[in-house]
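Colleague: Supplied in structure tokens, the structure appears directly below.
In the numbering used here, the protein residues as written are 574 to 728.
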């Protein structure tokens, strides 16, 4: 990494250290979503072993609308992540510059050889690119775990 990028990497790390909610809230949502998937898988297994899913009309409906159900599952799974992301980014952008002034850490950050423009751009970069990237990675992981759980539960 060249020397011109080092301050920007350090500023990005600083934003993630100071605002842990970017990844903690998303991890909590992933955990809750996986628990809900486990409950759904348990209900599916219970329904199968008690004969509720043996009806021929169930199998025919699933075959006809499988792709639509898959799309609906992806959209329904992404909705909590997107709502949390919008809320996180809004609160982050509202609070980020005020928090530095309030706790007087601005005095420390101003003593470093980084311009105010670079600091503000790092905050904007964190809100517009880093937070959605974290959300995307966690959502893909959520889909993989969900797929494994549903594959196991498909009896």
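C-beta atoms are modelled at their ideal positions from N, C-alpha and C, and glycine is treated no differently. In this text the structure is predicted, and so the values were computed from the model without any measurement.
How big is the Cα-Cα spacing for residue 616 and residue 672?
Modeller: Walking along the chain shown from the start, residue 616 turns up at place 43. Walking along the chain shown from the start, residue 672 turns up at place 99. About 46 Å.
Colleague: How is residue 578 classed by DSSP in three states: helix, strand or coil?
Modeller: Locating residue 578 in the chain shown gives position 5, where the first residue counts as 1. Residue 578: coil per DSSP, three-state reduction.
Colleague: Measuring alpha carbon to alpha carbon, tell me which of 653, 685, 725 ends up nearest residue 711.
Modeller: Counting from one through the chain shown, the residue named residue 711 turns up at place 138. When only C-alpha atoms are compared, the closest one is 653.
Colleague: Starting from the Cα of residue 697, find the closest Cα among 717, 724, 669 and give me that residue.
Modeller: Numbered from 1 along the chain shown, position 124 holds the residue referred to as residue 697. Nearest C-alpha to residue 697: 669.
Colleague: Only counting the same chain, and skipping five residues up and downstream in sequence, which positions put a Cβ closer than 7 Å to that of residue 665?
Modeller: Numbered from its first residue, the chain shown carries residue 665 at position 92. Within the same chain, residue 665 has close Cβ partners 592, 700.
Colleague: Would you grab the beta carbon distance between residue 721 and residue 595 for me? Rounded to a whole angstrom, and I think it's under 8 Å.
Modeller: Counting from one through the chain shown, the residue named residue 721 turns up at place 148. Counting from one through the chain shown, the residue named residue 595 turns up at place 22. So it is not a contact: roughly 26 Å between Cβ atoms.
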